[in-house]
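Peer 1: Starting off with a structure, shown below.
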Amino acid sequence: MVKNHTHVTQFLLLGLTEHEGLKGVLFALFLLIYSVTLLGNLGMITLIHADPQLHTPMYFFLSVLSFIDSSFSTVDTPKLLKSFLTSGQSISFAGCVVQMALMVLHGTAECLLLAVMAYDRFAAICHPLLYHTIMSRRLCVLLVVAIYTASVANSALLTGYIFKLPYCGPNVINHYFCDIPPVLHLAVSYVYILVTICRMHSLEAQSKALSTCASHLTIICLLYSTITFMYAQPSSLSSIEQNKVVSVFYTGVIPMLNPLIYSLRNKDVKAALKRRCLGKLPF
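Residue numbers (this note's numbering): 119 to 401.
So this is what it looks like as structure tokens:
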């Protein structure tokens with residue numbers, strides 16, 4: 119029997135808000151956020167690459183995080199900015215597939231990278247004498263390659279299954295990008311790190327150990343709390359509206375905050391930035 123239906127060829131994105139009075143203000147706000155995100159993350163990558171004293175595993179992973187954040191934000195923010203200038207915008211079926219795949223890829227990569235960065239801090243705190251042996255340059259590169267390999271595989275698998283479903287009815291998406299609940303939740307345990315810190319007899323050593331992972335803990339709490347809030351709550355009409363607001367936080371605000379949190383709390387980054395600004399390069 120021949121099925122009498124028409125396959126959806128495009129989707130209509132409703133955007134973040136339907137209030138015309140807010141669109142101008144929100145456009146200016148998110149343009150500023152996006153500009154700061156790109157400037158902060160690309161600036162961090164440039165600084166880490168240019169300063170030899172930052173050529174360590176921790177800053178190597180931080181430069182990768184900055185690359186992921188700038189890419190993550192670029193996937194959906196231009197579409198969001200465009201939605202503030204129009205009453206509604208369409209996206210092709212293929213475009214929706216690509217956007218969703220890129221969102222899942224970068225979201226997965228960020229979660230996995232944060233786990234790897236936690237392992238890096240674990241090695242630095244719990245095995246300081248063997249740290250550079252454990253976190254060799256080769257291992258760091260292999261970990262990043264593994265992150266992207268797993269992220270591409272997860273994105274392809276998840277997006278492939280999602281778009282194998284029949285789309286023959288409504289094509290209106292009450293969001294500003296093609297979003298799906300992620301299926302990969304990476305739990306990072308800091309229990310052993312905290313126990314090790316508590317066992318230290320020196321207050322100075324405890325303070326130094328906590329300072330090395332305080333920024334990372336902040337990012338972990340920001341990212342996973344927003345994702346958990348979105349995908350662990352029961353579905354309802356009000357939760358859909360809340361999810362759009364929370365999506366802005368983890369796709370736009372967190373990528374902007376990452377370089378600020380890591381740089382403002384880090385003496386090495388501030389010292390490297392000062393050297394670059396003053397033109398005093400180490401030899």
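Glycine is no exception: its CB is placed at the ideal position from the N, C-alpha and C atoms.
On a predicted model such as this, the values are computed, not experimentally measured, just so you know.
Please confirm if the stretch 222-237 is in contact with the stretch 161-172, defined as three or more CB-CB distances below 8 angstroms between the two stretches.
Peer 2: No: the two stretches stay apart, fewer than three of their Cβ pairs being nearer than 8 angstroms.
Peer 1: Nearest by alpha-carbon distance to K200: which of F145, A264, K385 and A242 is it?
Peer 2: For this step, residue 200 is matched to residue 82 along the sequence shown. Comparing Cα-Cα distances from K200 to each of F145, A264, K385 and A242, the minimum goes to F145.
Peer 1: Tell me where the beta strand (DSSP E) around Q128 begins and ends.
Peer 2: In the sequence shown, residue 128 corresponds to position 10, counting from 1. Note, Q128: beta strand (DSSP E), Q128 to L131.
Peer 1: For the stretch 246-260 and the stretch 174-187, state whether three or more C-beta atom pairs, one from each stretch, are separated by less than 8 angstroms.
Peer 2: Yes: at least three Cβ pairs fall under 8 angstroms.
Peer 1: Taking the beta strand (DSSP E) that S210 falls in, what are its first and last residues?
Peer 2: Residue numbering aside, residue 210 sits at position 92 when the sequence shown is read from its first letter. That run of the beta strand (DSSP E) goes Q207 to S210.
Peer 1: Assuming C214 contacts C296 (C-beta within less than 8 angstroms), just tell me the rounded distance between them.
Peer 2: In the sequence shown, residue 214 corresponds to position 96, counting from 1. In the sequence shown, residue 296 corresponds to position 178, counting from 1. The pair is a contact, with the Cβ atoms about 4 angstroms apart (cut-off 8 angstroms).
Peer 1: Taking Cβ positions, are F129 and I291 nearer each other than 8 angstroms?
Peer 2: Here residue 129 refers to the residue found at position 11 when the sequence shown is read from its first residue. Here residue 291 refers to the residue found at position 173 when the sequence shown is read from its first residue. Yes, Cβ-Cβ distance for F129 and I291 is below 8 angstroms.
Peer 1: Please go through the stretch 188-247 and give each complete alpha helix (DSSP H) segment of 4 or more residues, from N-terminal end onward.
Peer 2: Qualifying alpha helix (DSSP H) stretches, in chain order: 211-244.
Peer 1: In the DSSP assignment, find the alpha helix (DSSP H) that holds C395 and state where it starts and stops.
Peer 2: One-based indexing of the sequence shown puts residue 395 at position 277. Unbroken alpha helix (DSSP H) run through C395: K385 to L396.
Peer 1: Using only the alpha-carbon positions, how far apart do C258 and S273 sit?
Peer 2: Taking the sequence shown and counting its residues from 1, one reaches residue 258 at position 140. Taking the sequence shown and counting its residues from 1, one reaches residue 273 at position 155. Cα to Cα, C258 sits roughly 22 angstroms from S273.
Peer 1: Since I believe V182 is in contact with V270 (beta carbons under 8 angstroms), could you give me their beta-carbon distance rounded to a whole number of angstroms?
Peer 2: Walking along the sequence shown from the start, residue 270 turns up at place 152. Walking along the sequence shown from the start, residue 182 turns up at place 64. The pair is not a contact, with the Cβ atoms about 15 angstroms apart (cut-off 8 angstroms).
Peer 1: Within its chain, find whatever has a CB closer than 6 angstroms to the CB of P373; leave out the 5 residues flanking it on each side and keep chain order.
Peer 2: Residue 373 sits at position 255 when you count from the first residue of the sequence shown. Excluding positions up to five away in sequence, the list reads T155, D187, F190 and S191.
Peer 1: What residues are listed by DSSP as bridge partners for I166?
Peer 2: Within the sequence shown, numbered from 1, the residue matching residue 166 stands at position 48. Partner(s): none; I166 has no beta bridge.
Peer 1: Exposed or buried, which one is V143 when buried takes at least 16 other CB atoms within 10 Å?
Peer 2: If you number the sequence shown from 1, residue 143 lands on position 25. Answer is exposed; the Cβ neighbour count stays below 16.
Peer 1: Applying the 10 Å Cβ sphere with the 16-neighbour rule, what's the burial state of L131?
Peer 2: Counting from one through the sequence shown, the residue named residue 131 turns up at place 13. Per the 10 Å Cβ criterion, buried.
Peer 1: Since L180 contacts M162 with CB under 8 angstroms, what's their CB separation in whole angstroms?
Peer 2: Numbered from its first residue, the sequence shown carries residue 180 at position 62. Numbered from its first residue, the sequence shown carries residue 162 at position 44. Their Cβ separation, rounded to whole angstroms, is 7 angstroms, which keeps L180 and M162 in contact under 8 angstroms.
Peer 1: Note down, in chain order, each residue of its chain lying with its Cβ closer than 7 angstroms to the Cβ of L275, except the 5 sequence neighbours on either side.
Peer 2: Numbered from 1 along the sequence shown, position 157 holds the residue referred to as residue 275. Excluding residues within five positions, none has a Cβ falling inside 7 angstroms.
Peer 1: Quick one: does K385 have its CB under 8 angstroms from some CB of chain B?
Peer 2: Absent from the structure is chain B; it holds one protein chain and no more.
Peer 1: For I291, which beta-bridge partners are listed by DSSP?
Peer 2: Here residue 291 refers to the residue found at position 173 of the sequence shown. Per DSSP, L131.
Peer 1: Name the residue from F211, T195, K388 and A323 whose alpha carbon lies nearest to the alpha carbon of Y294.
Peer 2: Within the sequence shown, the letter at position 176 stands for residue 294. Ranking F211, T195, K388 and A323 by Cα distance to Y294 puts T195 first.
Peer 1: Measuring alpha carbon to alpha carbon, tell me which residue in S210, A323, Q207 and S208 is nearest C244.
Peer 2: Counting from 1 along the sequence shown, the entry for residue 244 is found at position 126. Ranking the options by Cα distance to C244, first place goes to A323.
Peer 1: When DSSP labels each residue in this structure, what does H250 get in the three-state scheme?
Peer 2: In the sequence shown, counting from the first residue as 1, residue 250 sits at position 132. If DSSP states are grouped into helix, strand and coil, H250 belongs with the helices.
Peer 1: Return the chain-ordered list of same chain residues with a C-beta closer than 6 angstroms to the C-beta of N159, the five sequence neighbours on each side being excluded.
Peer 2: Looking up residue 159 in the sequence shown gives position 41. Contacts found: S184, D187, S188 and P377.
Peer 1: C296 by DSSP, collapsed to three states: which one?
Peer 2: Translated into the one-based positions of the sequence shown, residue 296 becomes position 178. Coil at C296, not helix or strand.
Peer 1: Near L231, which residues of its chain fall below 7 angstroms by C-beta distance, leaving aside the five closest residues on each side in sequence?
Peer 2: Looking up residue 231 in the sequence shown gives position 113. So the qualifying residues of the chain are F179, V182, L183, I186 and I265.
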